[in-house]
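Colleague:
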Amino acid sequence: MSIHINRNASLDGKEGVINNSIHYMPCQIHSDGEANVSKYFKPCISKQDGNDDVLCSSFRGYPLMGKIVPLPNGYRGIVAQETVKPMTEGAERSIHVTHTFKSFTYWNWDKPPSLNDALLSALDWIDVSEVLHSTTDAS
């Protein structure tokens, strides 16, 4: 099976950038449709008392704590959409990049995000990996 990723040329500039609109939720949502996040979720987001880095909200009655996470320098995330679902498991797939982003909001159930979270720890390793694999001048 091969996967073809089609990149929109207009995404090379500022068009298509959607910062602070990507939310990584600690649950699985069984829907691929659009959601009116701006109306029903974003207005409920507030900063935690005494800590401006931590955001508070709720989803389906459960408390959420989150923070805005910037991607490492030189990296950007993508939002991809598969327009035609494959008919068989081994069929070729075509994915279209619709937007890019340089930061996202990471949410946990009722605890502040920390480097103990697998995703945040993995993002931290990008910087470590670059240092480990960089060349240095021996003086």
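Each residue of the sequence shown is one higher than the one before, starting from 45 at the first, in my numbering. Note that the Cβ used here is the ideal one computed from N, Cα and C, for glycine as well.
1. Could you check what DSSP says for P157 in three-state terms: helix, strand or coil?
2. Bridge partners for Q72 per DSSP, in chain order?
3. If the criterion is Cβ atoms closer than 8 Å, does the pair K83 and L99 meet it?
4. Taking 8 Å as the cut-off, does the region 63-74 touch the region 141-158 (at least 3 CB pairs, one atom from each stretch)?
5. Looking at V113: is its Cβ nearer than 8 Å to the Cβ of L167?
6. Of the choices L108, I62, D76, F145, whose alpha-carbon is the least far from that of Q125?
7. Taking buried to mean at least 16 other C-beta atoms within 10 Å of its own C-beta, is P157 buried or exposed?
Modeller: Reading it off the structure:
1. In the structure shown, P157 sits in coil (DSSP, three-state: anything other than H, G, I, E or B).
2. Beta-bridge analysis with DSSP links Q72 to no other residue.
3. In this structure, L99 does not lie closer than 8 Å to K83 by Cβ.
4. Touching, per the Cβ criterion.
5. Cβ distance < 8 Å, so V113 and L167 count as in contact.
6. Distance from the Cα of Q125 is smallest, within the candidate group L108, I62, D76, F145, for D76.
7. Result: buried.
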